[in-house]
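> Below is one structure. I have some questions about it.
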Amino acid sequence: RKEVEQDPGPFNVPEGATVAFNCTYSNSASQSFFWYRQDCRKEPKLLMSVYSSGNEDGRFTAQLNRASQYISLLIRDSKLSDSATYLCVVNEAAGNKLTFGGGTRVLVKP
Amino acid sequence: DTAVSQTPKYLVTQMGNDKSIKCEQNLGHDTMYWYKQDSKKFLKIMFSYNNKELIINETVPNRFSPKSPDKAHLNLHINSLELGDSAVYFCASSQGFSYNSPLHFGNGTRLTVT
Numbered sequence: 002r003k004e005v006e007q008d009p010g011p012f013n014v015p016e017g018a019t020v021a022f023n024c025t026y027s028n029s030a031s032q033s034f035f036w037y038r039q040d041c042r043k044e045p046k047l048l049m050s051v052y053s054s055g056n057e058d059g060r061f062t063a064q065l066n067r068a069s070q071y072i073s074l075l076i077r078d079s080k081l082s083d084s085a086t087y088l089c090v091v092n093e094a095a096g097n098k099l100t101f102g103g104g105t106r107v108l109v110k111p
Numbered sequence: 008d009t010a011v012s013q014t015p016k017y018l019v020t021q022m023g024n025d026k027s028i029k030c031e032q033n034l035g036h037d038t039m040y041w042y043k044q045d046s047k048k049f050l051k052i053m054f055s056y057n058n059k060e061l062i063i064n065e066t067v068p069n070r071f072s073p074k075s076p077d078k079a080h081l082n083l084h085i086n087s088l089e090l091g092d093s094a095v096y097f098c099a100s101s102q103g104f105s106y107n108s109p110l111h112f113g114n115g116t117r118l119t120v121t
């Protein structure tokens with residue numbers, strides 16, 4: 002089993018719709034969680050950290066479920082500019098050794 | 008602009024050659040990294056330096072040698088390049104080496120070995 006797994010997609014989303022996807026992680030000792038966004042042929046950029054209580058940033062909502070060992074990202078009112086690959090990132094131990102998932106590709110269409 | 012910058016952006020070379028990629032950050036961060044993104048888009052850490060000290064050294068062939076002359080620079084030298092080294096290499100930095108420090112990435116170096 003991979004340490005961090007994501008559905009590669011693509012998720013084809015009509016503009017204005019809501020899309021949600023999960024990421025599972027295997028190490029129950031994982032301490033911190035992030036969502037990064039990567040546009041085609043660009044570098045990954047931090048979208049948001051994921052907190053235990055769940056957190057929201059505008060149209061984006063992240064949740065953490067420690068019992069089932071997954072995090073989720075929900076995008077409301079999707080925009081064309083939301084089309085990207087969303088990378089789930091897990092920090093498993095002390096020290097900044099981040100493990101990246103393979104990414105979930107989202108395509109928002111008019 | 009404050010940023011992580013790496014050069015060159017594209018690198019095409021033949022098998023057996025030696026090449027270097029340079030990385031500089033002016034964010035004042037004390038930790039820098041090299042990541043490799045292969046054709047399947049998986050990002051994997053290669054090396055991490057904290058205050059010029061090697062902290063993480065993943066299972067990377069010893070043909071890859073990082074060098075950190077100071078906190079703001081982390082260069083990657085690759086000897087005897089092989090076809091399988093073709094990938095995008097990202098430099099990144101973070102403030103501190105705690106588990107909660109997000110990464111700031113450079114824009115990548117696309118290496119093609121022919």
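The listed protein sequences correspond, in order, to chains L and P. Offset between the first sequence (1-based) and the working numbering: plus 1. Offset between the second sequence (1-based) and the working numbering: plus 7. Don't be surprised by glycine CBs; every beta carbon is placed ideally from N, CA and C. Computed from a predicted structure; not experimentally measured.
Rounded to whole angstroms, what's the CA-CA distance from L/Pro-9 to L/Phe-22? Just pull it up for me.
10 Å
> How do the region 20-33 of chain P and the region 29-48 of chain L stand: do at least 3 beta-carbon pairs fall below 8 Å, yes or no?
no
> Give me, in chain order, the residues of the same chain whose beta-carbon lies closer than 8 Å to that of L/Lys-98; leave out the 5 immediate sequence neighbours on both sides.
Excluding its 5 nearest sequence neighbours in each direction, L/Lys-98 has C-beta neighbours in its own chain below 8 Å: Asn-92, listed in chain order.
> How is P/Leu-110 classed by DSSP in three states: helix, strand or coil?
coil
> What does L/Glu-44 touch in chain P if you count any residue whose Cβ is under 8 Å from its own?
Phe-97, Phe-112, Gly-113, Asn-114, Gly-115
> Got a sec: is the Cβ-Cβ distance from L/Ser-29 to anything in chain P below 8 Å?
So no, L/Ser-29 is outside the interface.
> Return the chain-ordered ranges of every alpha helix (DSSP H) run that is complete within the region 33-99 of chain P and spans a minimum of 4 residues.
Runs found: none.
> Looking at the structure shown, is L/Ser-82 part of a helix, part of a strand, or coil, going by DSSP?
helix
> Would you say P/Leu-50 reaches chain L, if we count a Cβ-Cβ gap shorter than 8 Å as a contact?
yes
> With a threshold of 8 Å between beta-carbons, can L/Phe-61 be considered close to chain P, or not?
Chain P, which has no Cβ nearer than 8 Å to the Cβ of L/Phe-61, makes this no.
> Report yes if the CB atom of L/Gly-103 is closer than 8 Å to the CB atom of P/Lys-47, and no otherwise.
yes
> In chain L, what lies closer than 8 Å to P/Pro-109 by C-beta?
Under the 8 Å cutoff, chain L gives Phe-35, Leu-47, Ser-50.
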